[in-house]
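> Here's a structure for you.
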Amino acid sequence: MNRSNFAHRSRPFLLSAPLFFLLYRLTPIAPLSTPPKKSVGAPPVRDRYLIHRHGETDANAAGILQGSSDFSRLTVRGRRQASDLASSPAWNSLAPRLDRIFVSPLTRSRDTLAIVLGGTAGPAGAEPMVVGSLREIDLYQWEGRSSAEIAAEDPEAFAAWKAGDAEGMVVRRVDGDGVAHRHYPLRELWERAELNWKVIRGSVPDVAVGDVREGTTTLISCHGSLGKALLGTAAGVYEPAKFFRKFVFPNCCVVEIEWERGQDVATRWRALYPENDIKGFGNFWHSV
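Below you can see the structure in the form of C-alpha cells.
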C-alpha cells in the first residue's frame, strides 16, 4: 500500500469539512449524525470496533515524546511487531470481516497498517481512509523532547501527565508572533475522542442479509494515548484521571469493542492482541 492512496482518499473529506471539525483539524468521513437506531422489535445490532496501535518507533525506543508530530519512523522491532500481528490467529480470524478501515495521518500508523494489510486493501474490499482527528495527542512544546528533560523542566505538569490529571497537565505553546498559549492536552484528547466516535459511528453502513441486519467490523489504526481515550469514552468514562493510566496500550496491540447501535455506551470490550495478555486488560470480555 503506498502513501499516495491515503492522500487521495482523504482529500474529498478535507474539501467538504464543516468549520466546526476544522477547528479540531478533523478530516471528516461523513456528516455528523447519530448512530442508526434499531427498529422496534428487531434484535439488537452490534458493531465491532478494533483499536490498533502502531509498532515501535525510534522515538519510542529513545524515550522521546512524539505527540502529533510526524518525525518518528518504525524501528526494525516495530516492523516485526506489525508482521507478527499480520500472521496471528487473532488477526486472521477478523481480517476477512473488515468492512471499514480508518487510519491516522501520521507516518508511523500508516506504515504499520501497510505491513499488517500486506500492501493490499482489506480482504473485504475496505480501503483505508485517513482521518486527521485520529492523530496522536497534541503535546505542543513537549514534542521531540525526552521525558527526562520535560520532567526536569516542568515537574508539576509532567507528574499530572503521568497521573492522567487532565486539569493539572498544562502545556504552553508559543505561536509565530511570540504569544504564549495554555493548553490542556488530555482534556483536548478526550474531547477529540468523543468527536471521532460520533463521526465514525454516525457513518456506519446499514448492512442486511435478507431480513436480518448485521453488525459491521471497523478497524481504527492509530496511537497509544488516543487509543486509550477512544476506549475510555466508549466505556462512558469522561474523566481521564479515572482511566488514562489504568491500562498499558503497548505497540501493535489491538483492543476489540462491541457496541450496540443506538446506545451511548459500548456493550463490552477486551484485549484481542497480543494473545498473552496486555497488562491491566486481560484477554477476556469486560462489560461496560
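Using this note's numbering, you'd call the opening residue of the sequence shown number 18 and step up by one each time.
Cβ atoms here follow ideal geometry from the backbone N, Cα and C, with glycine treated the same way.
Please read all numbers here as calculations on a predicted model, not as lab measurements.
Go ahead and pull the three-state DSSP assignment for Ile237.
By one-based count along the sequence shown, residue 237 stands at place 220. Here Ile237 sits in strand by DSSP.
> Going straight from the alpha carbon of Asn268 to that of Pro60, what length do you get?
Here residue 268 corresponds to residue number 251 of the sequence shown, with the count starting at 1. Here residue 60 corresponds to residue number 43 of the sequence shown, with the count starting at 1. Near 37 angstroms, if we compare the C-alpha coordinates of Pro60 and Asn268.
> Can you tell which of Leu151, Leu212, Glu160 and Val133 has its C-alpha closest to the C-alpha of Arg190?
Within the sequence shown, the letter at position 173 stands for residue 190. Looking at the Cα atoms, Glu160 is the closest of the given residues.
> If we call anything under 9 angstroms between Cβ atoms a contact, is Ala174 one with Val187?
Walking along the sequence shown from the start, residue 174 turns up at place 157. Walking along the sequence shown from the start, residue 187 turns up at place 170. Closer than 9 angstroms, so yes.
> Nearest-angstrom Cα distance between Asn213 and Pro172?
Translated into the one-based positions of the sequence shown, residue 213 becomes position 196. Translated into the one-based positions of the sequence shown, residue 172 becomes position 155. Using only the alpha carbons, I get a separation of about 31 angstroms.
> Taking C-beta to C-beta, are Pro123 and Ser85 nearer than 9 angstroms?
As a working mapping, residue 123 is identified with position 106 in the sequence shown. As a working mapping, residue 85 is identified with position 68 in the sequence shown. In the sequence on display, residue 123 carries Leu and not Pro. Result yes, Cβ atoms of Leu123 and Ser85 sit closer than 9 angstroms.
> Once the 5 residues before and after Trp286 are set aside, which same chain residues still bring their CB inside 8 angstroms of it?
The residue you call residue 286 lines up with position 269 of the sequence shown. Answer for Trp286: Leu248, Ala251, Ala252, Val272, Glu273, Ile274, Glu275, Trp302, His303 and Val305, listed in chain order.
> Less than 9 angstroms separating the beta-carbons of Ile81 and Ser163?
For the purposes of this step, residue 81 is identified with residue 64 of the sequence shown, where counting begins at 1. For the purposes of this step, residue 163 is identified with residue 146 of the sequence shown, where counting begins at 1. Taking 9 angstroms as the Cβ cut-off, Ile81 and Ser163 qualify as a contacting pair.
> Within 10 angstroms of its Cβ, does Ala210 collect 16 or more other Cβ (buried), or is it exposed?
Translated into positions along the sequence shown, residue 210 becomes position 193. Per the 10 Å Cβ criterion, buried.
> To which residues of the same chain is Gly72 closer than 7 angstroms at the C-beta, ignoring the five residues directly before and after it?
Taking the sequence shown and counting its residues from 1, the one referred to as residue 72 is at position 55. Closer than 7 angstroms at the Cβ level, and outside the excluded window around Gly72, lie Leu91, Gly95, Arg96, Gln98, Ala99, Thr129, Asn268 and Cys269.
> Return yes when the Cβ of Arg114 is within less than 9 angstroms of the Cβ of Arg278, no when it is not.
Translated into positions along the sequence shown, residue 278 becomes position 261. Translated into positions along the sequence shown, residue 114 becomes position 97. Not in contact: Arg278 and Arg114 (Cβ atoms no closer than 9 angstroms).
> Measuring CA to CA, which of Ala79, Lys263, Tyr157 and Ala103 is closest to Gly181?
Along the sequence shown, one-based indexing puts residue 181 at 164. The shortest Cα separation from Gly181 among Ala79, Lys263, Tyr157 and Ala103 belongs to Lys263.
> For the beta strand (DSSP E) containing Trp159, list its first residue and its last residue.
Within the sequence shown, numbered from 1, the residue matching residue 159 stands at position 142. Here Trp159 belongs to no beta strand (DSSP E), and DSSP marks it neither H nor E.
> Around the C-beta of Arg127, are 16 or more other C-beta atoms found within 10 angstroms, so that it is buried, or is it exposed?
Within the sequence shown, the letter at position 110 stands for residue 127. Buried, since its Cβ has 16 or more Cβ neighbours within 10 Å.
> Quick one: what does DSSP say Thr92 is sitting in, helix, strand or coil?
Indexing the sequence shown from 1 puts residue 92 at position 75. Here Thr92 sits in coil by DSSP.
> Please state if the CB of Arg152 and the CB of Leu243 are separated by a distance shorter than 9 angstroms.
The residue you call residue 243 lines up with position 226 of the sequence shown. The residue you call residue 152 lines up with position 135 of the sequence shown. Yes. Within cutoff.
> Could you give the C-beta distance for Ala76 and Ala183, rounded to a whole number, given that I count them as a contact under 8 angstroms?
Taking the first residue of the sequence shown as position 1, residue 76 is located at position 59. Taking the first residue of the sequence shown as position 1, residue 183 is located at position 166. That belief does not hold up - the Cβ atoms of Ala76 and Ala183 are roughly 23 angstroms apart, past 8 angstroms.
> In the DSSP assignment, find the alpha helix (DSSP H) that holds Val216 and state where it starts and stops.
As a position in the sequence shown, residue 216 is number 199, starting the count at 1. Val216 -> alpha helix (DSSP H) spans Pro202 to Gly219.
> In angstroms with no decimal places, state the Cα-to-Cα distance between Pro106 and Phe88.
Translated into positions along the sequence shown, residue 106 becomes position 89. Translated into positions along the sequence shown, residue 88 becomes position 71. Cα to Cα, Pro106 sits roughly 32 angstroms from Phe88.
> Take the Cβ of His198 as the centre, count every other Cβ of all protein chains shown within 10 Å, and call the residue buried at 16 or more, exposed below.
Position 181 of the sequence shown holds residue 198. Looking at its Cβ environment, which holds fewer than 16 other Cβ atoms inside 10 Å, His198 is exposed.
> Considering only DSSP beta bridges, list what Leu67 is partnered with.
For this step, residue 67 is matched to residue 50 along the sequence shown. Partner(s): Leu236 and Glu273.
> So, are the CB atoms of Glu208 and Asp155 less than 9 angstroms apart?
In the sequence shown, counting from the first residue as 1, residue 208 sits at position 191. In the sequence shown, counting from the first residue as 1, residue 155 sits at position 138. No; because the gap between Cβ atoms is not below 9 angstroms, this pair is not in contact.
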